[in-house]
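To keep things clear, I will list the structure first and then write my remarks on it.
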Amino acid sequence: MPILINQNTRLAVQGITGREASMIVSHTLAYGTRIYAGITPGKGGQYVQGVPVYDTVAEAVKKHGINATLIVVPPAFALDAVLEAISNGIKLIVVTTENIPQHDAIKLLYAARKENVTIIGPNTVGMINPKDRIKMGSIGGDRPERCFIPGNVGVISRSGGMTAETSWMVKRAGFGVTTSIGIGGDSLIGTTIRDLLVLFEKDEETEAVVTFSEPGTSFEEEAAQLLKEGGFTKPLISFVAGKFTESMPEGTVFGHAGAMISGNTGRPSLKMKALKESGAHVVEKYDDIISVLKKVLGSKVGEAK
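The numbers in numbering that gives the first Met the number 0 rise by one with no breaks, and the one at position 23 of the sequence shown is 22.
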């Protein structure tokens, strides 16, 4: 069974009446994902593309048994939205909002960890399970099938765009994905590569995982340590972008807020070294993902339909 989202996911959208949320809702419904409720304070009683809107998360949970929520609100309201979801027992929260004040991000991540709540993001395109045609977030846009088809490979990416691109590489290799997840481009996020590898390890349908990494953070080093400890035993194919950044001035931000080198932290070369030493298949060229997937999986994974 794909990780995190499946046919038992009962999804709500916080901030559903906003322009960006309305577009996401349209694409999500067209894909076949059911959205049970929307929440916007003061807009209760309305409908957005057939989805009932409530003033509070508590109302939505009571009437629809919501167990997952997508947060699409302005940065100033993200903390309150997350805390409201947590206080109403929701255990899976995807936060699409970027540029959340850092103090707010620390508070919402602390609250989530304290209550054993899984947060994807902030600053994420979300995640998708093609087998059950369930997606949370803008991932895949209006035509997810271009990149995301059912299969037995997990995909993890810091970059939203490269979540789709990497899943397309899996498709080009003749395979499909179980779950593809954009973990978010910020330095402070709720769920890391290591966290997801632990979940993919337990998933019987996932035979391998492909990761797309960037400069910044120590996420890859943490993942490498997990492999060394035997916490992830399946093939891991990793590409680390941005080797050129090591010749740039220290502290330069490259795209995402989390893509910044400080001392030896965040250097692509050191990430690649740690992953190689842990037994991961580290590719020098992005296109090599295709040949390495074919080599390490062979006939273990059913070919894409």
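Yeah, the Cβ is synthetic: ideal placement off N, Cα and C, and Gly gets one too.
- Counting every other CB atom within 10 Å of its CB across the protein chains shown gives D286 a total below 16, marking it as exposed.
- Here DSSP, grouped into helix, strand and coil, assigns Y30 to helix.
- With fewer than 16 other Cβ atoms from the protein chains shown falling within 10 Å of its own Cβ, E144 counts as exposed.
- If the five residues before and after S237 are omitted, its C-beta is found closer than 6 Å to the C-beta atoms of T210, L274, A279 and V281, all from its own chain and listed in chain order.
- In summary, Q13 is buried, with 16 or more beta-carbon neighbours lying within 10 Å of its beta-carbon over all protein chains present.
- In this structure, T165 keeps its C-beta atom at 8 Å or more from the C-beta atom of G136.
- Collapsing the DSSP output to three states places P51 in a strand.
- Along the segment 52–83, the beta strand (DSSP E) occurs as fully enclosed runs of 3 or more residues at 67–70, listed in sequence order.
- In its chain, beyond the 5 residues on either side, H26 have a beta carbon closer than 7 Å to the beta carbon of G140.
- Distance from the Cα of F174 is smallest, within the candidate group M161, K130, L198 and T216, for K130.
- Rounded to whole angstroms, the separation of the alpha carbons of T178 and L269 is 27 Å.
- For the alpha helix (DSSP H) assignment, the uninterrupted runs of no fewer than 4 residues enclosed by the segment 75–143 are, from N- to C-terminal side, 101–113.
- T191 and L108 have their alpha carbons spaced roughly 12 Å apart.
- About 10 Å separates the beta carbon of L195 from that of L225, a gap too long to meet the 8 Å contact definition.
- Remark: C-beta atoms of I89 and I65 approach each other more closely than 8 Å.
- A11: not part of any alpha helix (DSSP H); member of the beta strand (DSSP E) spanning L10 to Q13, first to last residue.
- A straight-line Cα-Cα distance of about 23 Å links S212 and I4.
- T39 sits in coil when the DSSP states are folded into three classes, being neither helix nor strand.
- Here I99 has P74, A77 and P121 as same chain residues with Cβ atoms under 7 Å from its own Cβ, once five neighbours each way along the sequence are excluded.
- Bridge partners of T210 according to DSSP: I155 and S237.
- Within 10 angstroms of the beta-carbon of A67 lie 16 or more other beta-carbons, which makes it buried.
- Residue range I192 to K201 is occupied by the alpha helix (DSSP H) that includes I192.
- When secondary structure is reduced to three states using DSSP, P149 falls in the strand class.
- Per DSSP, the beta-bridge partners of S179 are I127 and V154.
- Here E206 is near K233, since their CB atoms are less than 8 Å apart.
- Only residues of its own chain outside the window of five on either side were considered, and among them D141 have a CB closer than 8 Å to the CB of A29, listed in chain order.
- Burial of G159 is indicated by the presence of at least 16 other C-beta atoms within 10 angstroms of its C-beta.
- Checking the DSSP bridge columns, you'll see V291 has no partner listed.
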